[in-house]
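**Q** Below you'll find the structure I mean.
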Amino acid sequence: MNSRRASSVLHVRELGSEDVLIKILYCGVCHSDLHAAKNEWGFTNYPIVPGHEIVGLVTKTGSSVQKFQVGDRVGVGVIVGSCKTCDICQQDLENYCPKVILTYNSKDQDGTKTYGGYSDIVVVDQRFVLRFPDNLPADAGAPLLCAGITVYSPMKYYGMTEPGKHLGVAGLGGLGHVAVKLGKAFGLKVTVISTSPKKEVEAIDRLGADSFLLSSDPEKVKAAIGSMDYIIDTIAAVHPLAPLVSLLKMNGKLITVGLPDKPLELPIFPLVLGRKLVGGSDIGGMKETQEMLEFCAKHNIAADIELIRMDQINSAMERLAKSDVRYRFVVDVANSLASP
Ligand code: NAP
Ligand code: ZN
1 MNSRRASSVL HVRELGSEDV LIKILYCGVC HSDLHAAKNE WGFTNYPIVP GHEIVGLVTK
61 TGSSVQKFQV GDRVGVGVIV GSCKTCDICQ QDLENYCPKV ILTYNSKDQD GTKTYGGYSD
121 IVVVDQRFVL RFPDNLPADA GAPLLCAGIT VYSPMKYYGM TEPGKHLGVA GLGGLGHVAV
181 KLGKAFGLKV TVISTSPKKE VEAIDRLGAD SFLLSSDPEK VKAAIGSMDY IIDTIAAVHP
241 LAPLVSLLKM NGKLITVGLP DKPLELPIFP LVLGRKLVGG SDIGGMKETQ EMLEFCAKHN
301 IAADIELIRM DQINSAMERL AKSDVRYRFV VDVANSLASP
């Protein structure tokens, strides 16, 4: 990936009356950025500028903007537009609107392309800009804008927040480690289900998980069969679902948010015989994303991050592809690392 600053070479749309101009400070590196950069989902329209976990400062507001003022600290996540009028938008679920506009690799409202957060500035409709709570750190808080809402929303929607219940978190990466923290804040017992033995001590000591299940250890998996009420599956690659389904109790719920590039095989018998549910979920709407930020601010939840310079993005992506990040890279877009 060419790591030159994008805004100097690519179009950023004119500021409209409802728009906010944002100077980007930090941007998280989501595995979706890697899927998109490598065109693993087949709909990348190059050139792209990835990045949808943006924290920045408002530097200009359009004439009708009431919600924000110059100097406000704000966030932008995965979406920057929708039709605003359909039933889905009226339920504050803009993320599911058929006309949703993604923060990058999408057609913007003026017909130009959207470019994401690995750049200096971005222009966003105020409806899609979040107030960023004062006590959240701008760098470690940035990943909440995608990783955070992507696990918070299904936990709320599918009723996975009942204190004392047992949550399995499959895949301990950017999404997974925030799911562990949210699970503990909701009062759940949390087990990490991972392919990486090296993450065991950290999962428990640093992230607060109650236990760790190495998915390649058949004895341990066998011992855990039928023990979990819910599983949130954040795995970024093709993987078998059967072992995860087997870990659920009767009436258990397996919610997938990871987006592997190929379909997964779903075993039907164990679902039917255990009245189990498999569901999916895509980020969250703007109202719920704001609610999630306030929840994280209240519970002191932010990501564990490795802060990098823009020119380190290629090696960061290589490490991300190998599940080798503790637990989210965040790009120091405004170059604060260079400041004294
Ligand atoms: P990530 O930081 O790379 O974490 C993914 C984790 O999956 C890895 O740390 C690893 O955990 C596990 N994993 C990776 N390859 C695996 C394999 N071959 N077999 C088994 N486990 C494997 O990625 P992320 O940013 O959290 O994103 C995770 C997925 O969610 C991506 O597919 C991303 O596109 C998707 N996503 C979806 C939404 C949505 O709205 N639904 C939003 C954001 C991201 P262990 O080392 O613990 O095994
Ligand atoms: Zn993302």
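Using full-length UniProt numbering, the first residue of the sequence shown is number 1, and each one after it goes up by one. Virtual Cβ for every residue (Gly too), placed ideally from N, Cα, C.
1. For Lys99, I'd like the list of residues in its chain whose CB is within less than 7 Å of its CB, leaving aside the five on either flank, ordered along the chain.
2. Since Gly258 and Asp282 should fall inside the 8 Å C-beta cutoff, what is the C-beta to C-beta distance between them, to a whole number of angstroms?
3. Tell me, to the nearest whole angstrom, how far the beta carbon of Ile22 is from that of Val58; I am working on the premise that it is less than 8 Å.
4. According to DSSP, Leu172 sits in a beta bridge with which residue or residues?
5. Taking buried to mean at least 16 other C-beta atoms within 10 Å of its own C-beta, is Gln290 buried or exposed?
6. Taking the alpha-carbon positions, what's the Ala223 to Lys298 distance?
7. Which residues neighbour ligand 2 when neighbourhood means a C-beta less than 6 Å away from any of its non-hydrogen atoms? List them by chain order.
8. Can you name the start and end residues of the beta strand (DSSP E) that Val122 belongs to?
9. Of the choices Leu144, Ala236, Lys220 and Gly28, whose alpha-carbon is the least far from that of Met292?
10. Can you tell me the Cα-Cα spacing of Arg5 and Tyr230, whole angstroms?
11. Report the CB separation of Ile121 from Ala334 in whole angstroms; it is logged as a contact under 8 Å.
12. Quick check: the segment 154-163 against the segment 177-189, are there 3 or more CB pairs under 8 Å?
13. Taking Asn251 as part of the beta strand (DSSP E), name the residues at either end of that continuous run.
14. Just grab the DSSP bridge partners of Ile308 for me.
15. Any heavy atom of ligand 1 closer than 7 Å to the beta-carbon of Asp209?
16. Can you tell me whether DSSP reads Phe132 as helix, strand or coil?
17. Within the continuous alpha helix (DSSP H) that includes Thr59, where are the two ends?
18. Grab me the residues of Gly16's own chain with a C-beta within less than 6 Å of its C-beta, minus the 5 sequence neighbours each way, in chain order.
19. If you draw a straight line from the alpha carbon of His177 to that of Ile301, how long is it in whole angstroms?
20. Name the one or two DSSP bridge partners that Tyr26 has.
21. Are the Cβ atoms of residue 391 and Tyr115 separated by less than 8 Å?
**A** In short, the structure shows the following:
1. Ser82 and Cys83
2. The pair is not a contact, with the Cβ atoms about 12 Å apart (cut-off 8 Å).
3. 6 Å
4. DSSP, once it has assigned bridges, lists no residue as partnering Leu172.
5. buried
6. The alpha-carbon separation between Ala223 and Lys298 amounts to approximately 36 Å.
7. Cys30, Ser32, His52, Val78 and Cys146
8. Ile121 to Asp125
9. That would be Leu144, whose Cα lies nearest to the Cα of Met292.
10. In this predicted model, Arg5 has a pLDDT of only 46, less than 50, meaning its place in the structure is not dependable; the value taken from the coordinates is given anyway. In a straight line, the C-alpha of Arg5 is about 42 Å away from that of Tyr230.
11. Not really, about 10 Å apart at Cβ, beyond 8 Å.
12. yes
13. Leu248 to Thr256
14. Residue pairing for Ile308: DSSP places it in a beta bridge opposite Val331.
15. Residue identity check: residue 209 is Ala in the sequence provided, not Asp. Every heavy atom of ligand 1 is 7 Å or more from the Cβ of Ala209, so no.
16. coil
17. Counting along the chain, Thr59 falls outside any alpha helix (DSSP H), though it belongs to the beta strand (DSSP E) covering Ile54 to Thr61.
18. Gly62
19. 11 Å
20. Val55 and Asp332
21. Because the chain spans 1 through 340 in this model, residue 391 falls outside it and cannot be assessed.
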